[in-house]
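Taken in order, these protein sequences are the chains called E and C.
Heads up: the first sequence begins at 281 in the numbering used here, then just goes up one per residue.
Heads up: the second sequence begins at 281 in the numbering used here, then just goes up one per residue.
Yeah, the Cβ is synthetic: ideal placement off N, Cα and C, and Gly gets one too.
Working notes for the structure below.
There are 2 protein chains.
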Amino acid sequence: MGLRIDNGIRSVVDMNSTENDETTAVDPPDTRERILIEASRLLAVNGYHGTTTREIAAAVGISQPSLFFHFPTKRAIAEELYKHDLLPAVAGLERLVEADASPAAKLYAMICGEITRIVNSPYDMRAHISYEVLNDPDLALFQDLVNQFDDLTHSLIRSGQESGEFAEGDSWLAQQMVSALLARANLFATTDHLKRHSHPDEAATLILRSLLAEPDALEGVRRDAMVLLPLYDERSV
Amino acid sequence: MGLRIDNGIRSVVDMNSTENDETTAVDPPDTRERILIEASRLLAVNGYHGTTTREIAAAVGISQPSLFFHFPTKRAIAEELYKHDLLPAVAGLERLVEADASPAAKLYAMICGEITRIVNSPYDMRAHISYEVLNDPDLALFQDLVNQFDDLTHSLIRSGQESGEFAEGDSWLAQQMVSALLARANLFATTDHLKRHSHPDEAATLILRSLLAEPDALEGVRRDAMVLLPLYDERSV
DNA sequence: CAGTCTATCTATCATTTGATAGGCTGGGCG
DNA sequence: CGCCCAGCCTATCAAATGATAGATAGACTG
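Spelled out as structure tokens, the structure:
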């Protein structure tokens, strides 16, 4: 449980580490950051149990025990990545849900904002996909966060259906579709396909078309969503 | 179709069943079969590297070394499950693609047929989701099968867009959405949500609504798909 | 009954893996 | 200069894990 001393130099990527920086601050050299980056890649591809600390260390270019100077355990690395992914997502979605707008606009803004965030992240974040990691009992907190996110999404879809803005249908299934698509979002970044061919809007459009009772309403929804979008980004709150 | 690859070990059923044939199969509530069932559950939840042979054995109720009487390696267990999942999927989709029908109807039939198959499978199949396993170099064959399936889906979407049946949009993204949703299909079965509330049709409807240029065409597409559906099931070929 | 084959067991091995112990180094600073 | 200590290293451990060896029980066969 090493206390970390905060000295003046803070990394460029500032918004990770969840800003409750009692123990977590930033290391002067980026080794710690590089560990997170490389670990996120390996974890995303090989899974938690399929990634060894030796592989992570090799990717960073340090010896395996050196990892444990920066992180107390292997799990702590994963935890930090999960926090980075899930906390802003849940917080942003909560702000959206409480906003004054139509469910469709909120959902559009969420999808758009979330994909933007994932694609722009320095890490390879596929938290949503890693049931493997989440299932680990010691990471139950993050399981809760995922459930929270899914529940919020679900309630958004439900209220859209109740107001008649969305077509009737299995709201649970629809929520799963949203969650499943987001889980692939970083694949977009990895394949660097999205960077040139596609926009977050395309994904949101795809989802909304499948939900909206009146397809022609899409343009209006998009406009409303653009107004909501800053709400999703914690930096602008 | 004797695709059993290995080995010296042949099950009792194979040897003496020259006459009473194929359909059924099954059932000596075979240990081998129970291994596959329990392994599929564990692999789906914990991933390949997160599942130990001891856990599988314990779930089946046998000792850990007894596993190796039925399968040469741990990997062989995963391989058999992958084969069971991917071979019929790719074969079915290939038959659909070559059929004489609209891309929309083919896609509808594929989603519907695939989800039905997954939900009814004795195994917990999430092959699509397990990049973790697939990434393992020794399982490159299955990586290929997944890519094949994705490519076929993609070409279906492309041709639908070219014919004007589908709205324009990023076909790659749309294909990812289909793939991502299918990856969750067995979650439907697990949560036994789909068994009461939802049908495979709901999922296909959701996808098709997001793709069709003319939403009103959905009913016609569904009717055409119902005709195609038997084509997807290898038993009916 | 003796022989064989299936299916399982206990005991054990070699490797991998997360983590610890302790030493070396170089830069900041009184 | 001499001390400190962040940061990294080598060497190594203990546990977990995939897999093997060999024995045993039971069923069927000749």
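Burial check for glutamine 344/E: the Cβ neighbour count within 10 Å stays below 16, so the residue is exposed.
In this structure, leucine 425/C sits near valine 370/C, with a CB-CB distance shorter than 7 Å. Cβ proximity to chain E below 7 Å picks out Gly449, Asp450, Trp452, Leu453, Ala454, Gln456, Met457, Ala460 from the stretch 442-460 of chain C. In the three-state scheme derived from DSSP, where H, G and I count as helix and E and B as strand, phenylalanine 429/C is classed as helix. At a cut-off of 4 residues, the continuous stretches assigned as alpha helix (DSSP H) that sit fully inside the stretch 434-507 of chain E are 451-463, 465-470, 480-491. Contact between serine 490/C and leucine 486/E holds: their C-beta atoms lie close to 5 Å from each other, under 8 Å.
Chain-order list of chain C residues neighbouring glutamate 482/E: Gly449, Asp450, Leu453, by C-beta distance under 8 Å.
Collapsing the DSSP output to three states places asparagine 415/C in coil. The Cβ-Cβ distance between glycine 330/C and histidine 329/E falls below 7 Å. Chain-order list of chain C residues neighbouring arginine 464/E: Gln456, Ala460, by C-beta distance under 7 Å. Judged by DSSP in its simplified three-state form, phenylalanine 422/C adopts helix. Here aspartate 450/C is buried: its Cβ has 16 or more other Cβ atoms, across all protein chains shown, within 10 Å. Threonine 331/E carries a coil assignment under DSSP once its states are collapsed to helix, strand and coil. Under the DSSP assignment, glycine 341/C falls outside any alpha helix (DSSP H); it carries neither an H nor an E label. No residue range can be given for serine 516/E, since it is assigned to no alpha helix (DSSP H) and is classified by DSSP as neither H nor E. For alanine 324/C, the enclosing alpha helix (DSSP H) starts and ends at 311-326. The continuous stretches of alpha helix (DSSP H) do not include aspartate 380/E, and DSSP gives it neither H nor E.
Under the three-state reduction of DSSP output, methionine 405/C falls in the coil class, being neither helix nor strand. Taking a Cβ-Cβ threshold of 9 Å, the residues of chain C close to isoleucine 487/E are Met457, Ser490, in chain order.
Not a single C-beta of chain E is nearer than 7 Å to the C-beta of valine 426/C.
Distance from the CA of alanine 420/C to the CA of tyrosine 362/C, rounded to the nearest whole angstrom, comes to 12 Å.
Taking C-beta atoms as the reference points, alanine 505/E and alanine 385/E count as a pair closer than 7 Å.
Using a 10 angstroms sphere on the CB of glutamate 313/E, the tally of other CB atoms reaches 16 or more, which defines it as buried. For tyrosine 362/E, there are no C-beta contacts with chain C under 7 Å, since the nearest C-beta of that chain is about 16 Å from it.
When rounded, the separation of the alpha-carbon atoms in leucine 432/E and tryptophan 452/C is 28 Å. Its Cα nearest to that of isoleucine 395/E, the residue Leu462/E stands out among Val340/E, Leu462/E, Lys354/E, Leu492/E. Across the set Ile391/E, Leu467/E, Arg334/E, the C-alpha of Ile391/E shows the shortest separation from the C-alpha of proline 510/E.
Taken in chain order, the members of the stretch 309-339 of chain C whose beta-carbon sits within less than 9 Å of a beta-carbon on chain E are Ala324, Val325, Asn326, Gly327, Tyr328, His329, Gly330, Thr331. Under the three-state reduction of DSSP, phenylalanine 348/E is assigned to helix.
Within chain E, Gln456 have C-beta atoms less than 8 Å from the C-beta of leucine 467/C, given in sequence order.
Residues of chain C with a Cβ closer than 9 Å to the Cβ of asparagine 415/E are, in chain order, Val325, Asn326, Gly327, Gly330. Against chain E, a Cβ distance below 7 Å from proline 495/C picks out Pro495.
Our two residues, leucine 498/E and alanine 447/C, have alpha carbons roughly 14 Å apart in a direct line. When the Cα atoms are used, arginine 375/E and asparagine 427/E turn out to be separated by approximately 17 Å.
Spanning the alpha carbons of phenylalanine 468/E and glutamine 456/E requires a straight line of approximately 19 Å.
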